[in-house]
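**Q**
In the working numbering, the protein residues as written are 2 to 391.
(1) If you follow the alpha helix (DSSP H) that residue 309 is part of, which residue opens it and which one closes it?
(2) Please go through the same chain and pick out, in chain order, the residues whose beta-carbon is closer than 7 angstroms to the beta-carbon of residue 95, but skip the five residues on each side of it.
(3) State the start and end residues of the unbroken alpha helix (DSSP H) segment that holds residue 348.
(4) Output the distance between the C-alpha atoms of residue 368 and residue 80, rounded to the nearest integer angstrom.
(5) Considering only residues of the segment 138–172, which uninterrupted alpha helix (DSSP H) runs meet the minimum length of 4 residues and lie entirely inside it, listed in chain order?
(6) Relative to the C-alpha of residue 220, which candidate in 195, 258 and 18 has its C-alpha closest?
(7) Where DSSP assigns a beta bridge to residue 295, which residues make up the other side?
(8) On a CA-only basis, which of 345, 359, 158 and 82 is nearest residue 144? Give me that one, please.
(9) What does DSSP give as the partner residues of residue 227 in its beta bridges?
(10) Identify, in the order they occur along the chain, each residue of the same chain with its Cβ nearer than 7 angstroms to the Cβ of residue 25, setting aside the five sequence neighbours on each side.
(11) Inspect the beta-carbon positions of residue 251 and residue 225 and report whether they are closer than 8 angstroms.
(12) Within 10 angstroms of its Cβ, does residue 327 collect 16 or more other Cβ (buried), or is it exposed?
(13) Give me the residue from 278, 53, 322 and 198 with the minimum Cα distance to residue 263.
(14) Could you work out which residue in 249, 338 and 303 is closest to residue 191 when comparing CA atoms only?
(15) Quick one, are the C-beta atoms of residue 54 and residue 36 less than 8 angstroms apart?
(16) Keeping to the same chain, check which residues put their C-beta closer than 6 angstroms to that of residue 269; ignore five residues upstream and five downstream.
(17) Taking 8 angstroms as the cut-off, decide whether the C-beta atoms of residue 142 and residue 165 are in contact.
(18) In chain order, which continuous runs of the alpha helix (DSSP H) of length 4 or greater are located wholly inside the segment 62–96?
(19) Measure the alpha-carbon distance for residue 118 versus residue 111 and round it to whole angstroms.
(20) Can you tell me which residues form a DSSP beta bridge with residue 117?
(21) How far does the beta strand (DSSP E) with residue 20 in it reach, from first residue to last?
(22) Starting from the C-beta of residue 183, find all residues in its chain whose C-beta is less than 8 angstroms away, skip the five residues before and the five after it, and write them out in chain order.
(23) Taking DSSP as the reference, what is the three-state secondary structure of residue 265?
(24) Just tell me which of 265, 23 and 337 has its CA closest to the CA of residue 350.
(25) How about the segment 121–130 and the segment 71–78: do they share at least three Cβ pairs that are nearer than 8 angstroms?
(26) In or out: residue 210 buried (at least 16 other Cβ within 10 Å) or exposed?
(27) Report buried or exposed for residue 272, applying the criterion of at least 16 other Cβ atoms within 10 angstroms of its Cβ.
(28) Since residue 203 and residue 232 should fall inside the 8 angstroms C-beta cutoff, what is the C-beta to C-beta distance between them, to a whole number of angstroms?
(29) Over the uninterrupted beta strand (DSSP E) stretch that includes residue 110, give me the two end residues.
(30) Determine the contact status of residue 87 and residue 13, defining contact as a CB-CB distance below 8 angstroms.
(31) Under a Cβ-count criterion, where at least 16 other Cβ atoms within 10 Å of its own Cβ denotes burial, should residue 307 be classed as buried or exposed?
(32) Check each candidate in 255, 280 and 218 and name the one with the smallest Cα separation from residue 247.
(33) In the DSSP assignment, find the unbroken beta strand (DSSP E) run with residue 34 in it and report its ends.
This is the structure in structure tokens:
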């Protein structure tokens, strides 16, 4: 089966990293990827994994010239399934797939919060456009039960929603004492320092300012290790200075391969975000054996109570976060069985089963215009070279 994944961009982000993590586990699928914009580090990583990647060269949200280019790419590739990711790619990808005659069109909703989508406030217009595009697809995949409920509340038919949770490469995040020592040396953190950690894009919705103020209020001068980059970096640095904690915050920047060793360097993980679709960074921290304090995490909140003893839900104010951090045990936990439910291989199998079911039940399958292997090889050559499909 040939599947084309259409995604808005391939910079470092949760949806982008999730796509890269999934594809090596989808051994019954021949996958290709097209990014509308920003063929960033994840595009390079996908190509290194042997996945063909194309950059469509879209110039903005209203660049309608991208639609016929994407339609031609899909038609030429004779794909069995088109799978879209993120808001803009879902809109353009569903339309292009239908114009190209593809009968199985899947979309994953990665970032639908209670009051925002992909970090932007929800509006009536965004919702109406989303629902109009959704009807052109076959199925919408929610990354958590919480997101599935939000989609239905928005007006998506329950029969069109399937849950395939985000996945984690659990063994990759196993605690490593040697990596802990090496990371602390590199970052200038003393071996006995108490290190609070946070991971995510430095954006308003992550509320890292709250975390900085909470850590600044703690006795004993613990350190705060922030992993991520974003538009709020300068504002957050100013917050740290205003709190008198500038020398206690370590800015690790955006990372990929180094994340497991940075989690090993932490003593507790905190998520102050009040609106999440899944909470992938939290699950990764649990896979590293860290005690976790979080404000919102559907991946955990959708589980039965007591499934993850090392994690505690907390209030989101500065005093509440500070109080929660004062009582965290300084110890590593065994990886909870609940975290292993989110092993990436499980998610990949569920997604492949969904493809099979939808494709085999689709009416009037579209015939391939040329032999399957010849088409895939030609498309692979174009995409692997990073050609802009204009």
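Idealized CB from N, CA, C, for every residue including glycine.
**A** According to the structure data:
(1) Element bounds for residue 309: n/a, residue is neither H nor E.
(2) 85, 106, 108, 134, 137 and 138
(3) 345–362
(4) At residue 368, the pLDDT of 40 sits below 50, so the modelled position is not reliable; the number obtained from the coordinates is stated separately. Approximately 10 angstroms between the Cα atoms of the pair.
(5) 146–155
(6) 195
(7) 272 and 314
(8) 345
(9) 199 and 252
(10) 50
(11) yes
(12) exposed
(13) 198
(14) 249
(15) yes
(16) 197, 292 and 329
(17) yes
(18) 67–78
(19) 9 angstroms
(20) 122
(21) Looking at the DSSP string, residue 20 is not in any beta strand (DSSP E); the run it does join, the alpha helix (DSSP H), is 15–23.
(22) 262
(23) helix
(24) 23
(25) no
(26) buried
(27) buried
(28) 7 angstroms
(29) 105–110
(30) no
(31) exposed
(32) 218
(33) 31–36
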